[in-house]
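Numbering (the numbering used here), first residue to last: 6 to 633. Even glycine gets a Cβ: it sits at the ideal position worked out from N, Cα and C.
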Amino acid sequence: MAPPQGQMKPGRQLAVLAGLFVVLYLLVFFTSGASGSFTDRLHPRLGLDLVGGMRMTLVAQGKTPSAKEMEQARQIIEDRVNGTGVAEAEVVTESDRNIVVSIPGSNTADLEDVGQPAQMFFRKVLNSVDDTSGALAAATASPSPSASTSASPKPSSSTSASPKPSTSASTGGQGGGAAASATPSASASTSPSAAASPTPSAKALTQEQTATLDEVKKKIGDTTYKAAEALTAPVDVSTDPTAALQFSKFADLTANEVAVLPAKIQFNVPQIGCDKLGKRPVGSISDANAQVVACEGSSKHLLDVAKVAGTDIGSAQAVPPNAQQAEWVVSLKFKGDGQDKWTNLTKEAVNKTGTTCEVKGNEGNCLVAVVLDNTVISAPEIREVLTSDSTISGSFTSDTAADLANKLNYGALPVTFQAEEAQHVTATLGAAQLKAGLLAAGLGMLLVIIYAFFYYRLLGSVIFLSLVLSGLLTFGALVWLGRTMGFTLTLAGMAGFVVSLGVAADSFVIYFERLKDEIREGRAPRSAVQRAWVRARRTIITANTVTVMAAVVLYLFSAGAVKGFAFALGLSTVLDLVVVFLFRHPMMEMFARTKAFMSPRVSGLGRVLQQANEDEADQPRRYRAKEA
């Protein structure tokens with residue numbers, strides 16, 4: 006039978022493989038994140054068990070949360086940590102109120118971010134002032150004359166607030182009409198304002214907070230404290246120089262001391278700036294039934310009671326520009342009665358019913374702030390009553406829109422946490438484990454190569470080169486994936502790569518044993534290679550597909566180190582298939598054209614053919630012996 010037709014020429018397949026290597030290592034050396042020396046750019050991202058790192062314990066505040074709340078909080082924190090990909094951070098619960106987060110490496114910025122999330126609320130902005138170098142100047146009541154799509158200019162000492170990046174809220178189905186940008190101008194007139202209106206009863210202070218407040222009153226002085234309580238609007242120190250001296254002692258308060266002050270004092274006293282407000286303990290403004298103060302950039306907002314919570318959000322998604330909209334927006338979907346709450350809040354903001362808001366957008370409507378922990382992450386103007394899915398629009402880029410959507414999705418924890426401790430995990434043990442893992446991988450590859458040369462002779466060189474190329478592909482992929490999607494190599498991942506050596510060896514055995522069968526049947530070398538490849542290819546693909554499917558299932562339904570093992574096993578199996586098609590088979594076709602291919606000494610295949618001929622010659626003799 007003639008050999009199968011339509012096979013790709015070996016040179017083309019090898020050229021494709023070479024191109025793949027060039028592209029991969031160009032990505033390794035020249036993509037964003039590649040820096041340092043030549044060797045530094047070849048360092049994969051190593052996990053906590055190999056390189057050491059940081060471990061932080063988060064302790065639930067207040068009453069003991071339920072098991073369901075703790076599990077929900079753990080999942081949200083894990084999503085935040087691993088939001089960029091396979092970062093292999095470990096997030097586990099300990100006891101009934103602790104969550105332990107472990108992140109590889111020496112950078113603790115990620116851990117600090119993880120320790121911050123508490124609760125998210127949507128609150129109407131009642132009033133706003135601009136924090137200018139520690140002194141707060143009251144803003145004018147008139148809106149800015151035009152929308153601004155640029156970042157806020159640095160605030161000056163004038164009495165008008167600087168414009169902010171345009172943001173707005175609109176219904177998802179309204180298209181561009183309702184999504185026109187609005188530039189809220191912070192306004193804080195000296196006339197009686199929202200600050201003067203009856204403030205909802207504040208959350209009852211704990212015994213410790215009450216003691217702190219008593220200490221604050223002693224430090225400030227009873228007369229000064231009462232003067233601060235009597236304020237009905239923010240003090241403009243540019244027009245009232247005596248206020249700077251009168252309330253100067255408030256500048257000496259710590260963030261913890263500021264947290265126990267009533268909201269109207271935090272807002273009206275100019276010496277309480279955003280630097281201290283942002284450092285208040287997590288959860289200090291988590292009372293949904295009280296007015297609070299929070300900052301957005303350099304603006305200090307007085308915020309109404311919370312009418313919508315982050316837990317009312319079903320999902321948030323960054324939506325790129327399209328035919329209906331010319332800019333990036335963040336789409337919101339609410340769940341349960343969250344949509345009704347949101348509709349009522351927007352109705353109140355548009356109709357200006359209920360508590361008066363002094364600060365308004367260009368169209369004269371109230372702003373609604375999205376408050377995460379102690380910070381306002383967005384404060385769009387509500388332009389119409391929103392009765393269905395909504396969007397937040399403004400001067401978003403793809404990164405800022407994705408960041409806001411991420412905070413909306415994962416910002417609302419059912420429990421308030423505070424960082425209890427952070428400790429450094431030594432890499433000494435990890436270094437020993439890394440050496441042990443590399444030693445195991447090296448021994449595994451060495452045994453496969455020894456077996457290959459002993460049993461297949463010349464063909465063993467194909468196996469050796471295939472494993473080397475597969476290892477280089479895998480290493481390059483590790484470095485690139487670690488830099489782009491956060492894949493972290495752990496000891497479990499190294500175990501996955503060692504196991505993949507067995508998968509690679511199986512594909513060799515399948516192909517070469519099928520080749521021997523073809524030689525025994527008397528096929529010419531080139532014909533035998535082609536027929537063996539066609540017959541072995543389906544088996545190789547099937548076997549590797551089963552391994553990849555098992556790795557995918559294990560990855561989807563596991564966590565932590567097991568997930569890293571599954572990812573490593575699946576990745577190395579896929580790359581092995583690439584090497585099988587683009588190197589192993591082409592090399593075999595090229596070997597088939599040499600005289601050494603059928604040499605009994607060099608490849609052993611000639612001996613297989615010789616043995617087959619001898620068996621064929623002996624067959625009639627054995628048949629006659631049997632008849633006799």
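Exercise. Can you round the beta-carbon distance between Leu22 and Leu587 to whole angstroms, since I take them to be within the 8 Å contact cut?
Worked result: 4 Å
For this session: For Ser563, collect the residues of the same chain with a Cβ closer than 7 Å to its Cβ; drop the 5 residues on either side in sequence, then sort them by chain order.
Result: Ala571
Exercise. Mind checking Thr547: buried by the 16 CB within 10 Å criterion, or exposed?
Worked result: Exposed, because fewer than 16 other Cβ atoms sit within 10 Å of the Cβ of Thr547.
For this session: Could you spell out the range, first to last residue, of the beta strand (DSSP E) harbouring Ser336?
Result: Val334 to Phe339
Problem set entry | Gly569 beta carbon less than 7 Å from that of Ala497 | yes
Exercise. Can you tell me where the alpha helix (DSSP H) with His590 in it begins and where it stops?
Worked result: Taken as a continuous stretch (DSSP letters only), the alpha helix (DSSP H) holding His590 covers His590 to Phe596.
Exercise. What first and last residue would you give for the beta strand (DSSP E) that runs through Gly57?
Worked result: No beta strand (DSSP E) contains Gly57, which DSSP labels as neither H nor E.
For this session: Determine contact between the region 243-259 and the region 218-233, defined as no fewer than three beta-carbon pairs at a distance below 8 Å.
Result: Enough Cβ pairs lie closer than 8 Å, so yes.
For this session: Could you have a look at Asp241 and say whether DSSP puts it in helix, strand or coil?
Result: coil
Exercise. Roughly how many angstroms separate the alpha carbons of Phe513 and Gly575, rounded to a whole number?
Worked result: 18 Å
Exercise. Ala597: which of Phe517, Gln271, Ile270 and Met554 sits nearest, CA to CA?
Worked result: Phe517
Exercise. Do you know whose CA, among Glu523, Glu332, Ile454 and Ala323, lies nearest Val539's CA?
Worked result: Glu523
Exercise. Would Asp136 pass as a contact of Ser303 if the rule is Cβ separation under 7 Å?
Worked result: yes
Problem set entry | Every unbroken alpha helix (DSSP H) inside the region 285-316 [4 residues or more] | Within the region 285-316, no complete alpha helix (DSSP H) run reaches 4 residues.
Exercise. Can the beta-carbon of Ser289 be found closer than 7 Å to that of Ala264?
Worked result: The beta carbons of Ser289 and Ala264 sit closer together than 7 Å.
Problem set entry | Residues bridged to Arg128 (per DSSP) | Arg128 pairs with Ala311 and Ala374.
Exercise. Which value, in whole angstroms, describes the spacing of the CA atoms of Lys338 and Ala328?
Worked result: Each residue's Cα considered, the two are about 21 Å apart.
Exercise. Val96 and Ile108: beta carbons closer than 7 Å?
Worked result: no
Problem set entry | Gln212 classed as buried or exposed, judged by whether at least 16 other C-beta atoms fall within 10 angstroms | exposed
Exercise. Which stretch, first to last residue, makes up the beta strand (DSSP E) that contains Ala601?
Worked result: Unbroken run through Ala601: none, as it is neither H nor E.
For this session: Would you check if the distance between the CB atom of Arg128 and the CB atom of Leu308 is smaller than 7 Å?
Result: yes
Exercise. So what's Ala555 in DSSP terms, helix, strand or just coil?
Worked result: helix
Problem set entry | Integer Cβ distance of Asp54 from Thr495, believed to fall under 8 Å | 5 Å
Exercise. Short check: CB of Val130 to CB of Ala374, under 7 Å?
Worked result: Between Val130 and Ala374, the CB-CB gap stays under 7 Å.
For this session: Taking only runs that begin and end inside the region 380-416, name each unbroken alpha helix (DSSP H) of 4 or more residues, in chain order.
Result: Fully enclosed alpha helix (DSSP H) runs of 4 or longer: 403-415.
For this session: Using 10 angstroms around the beta-carbon of Gln80, count the other beta-carbons present and answer buried if the total reaches 16, otherwise exposed.
Result: exposed
Exercise. Which of helix, strand or coil does DSSP assign to Val64?
Worked result: strand
Problem set entry | Neighbourhood of Gln251 by C-beta, 8 Å cutoff - its chain only, sequence neighbours within 5 removed | Thr229 and Ala232
Exercise. Roughly how far, in whole angstroms, is the beta-carbon of Trp333 from the beta-carbon of Thr402, given that I think they are within contact range, below 8 Å?
Worked result: 6 Å
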